[in-house]
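Here's the structure, in structure tokens; my notes come after.
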Amino acid sequence: MVHPAFQQQTTKREKPSTPLPSLDLLLKYPPNEQRITPDEIMETSQRIEQQLRNF
Numbered sequence: 001m002v003h004p005a006f007q008q009q010t011t012k013r014e015k016p017s018t019p020l021p022s023l024d025l026l027l028k029y030p031p032n033e034q035r036i037t038p039d040e041i042m043e044t045s046q047r048i049e050q051q052l053r054n055f
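Start counting the sequence shown at 1; every next residue gets the next number (full-length UniProt numbering).
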């Protein structure tokens, strides 16, 4: 028995009418000049934890 989420779909889908993105999206991009400090990471994590506690 296979879970429904892992079963292959048997219905045929229409081909998309929009073009696929180009492969240059996979190329490396220039590094982001904006740097995140450890303090900003800690502040963000604390806000996320607080929101999760409120949830």
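We treat Cβ as the ideally placed atom computed from N, Cα and C, and that holds for glycine.
Reduced DSSP category for residue i - H, G, I as helix; E, B as strand; rest coil
i, result
"residue 46", "helix"
"residue 35", "coil"
"residue 40", "helix"
"residue 13", "coil"
"residue 55", "coil"
"residue 4", "helix"
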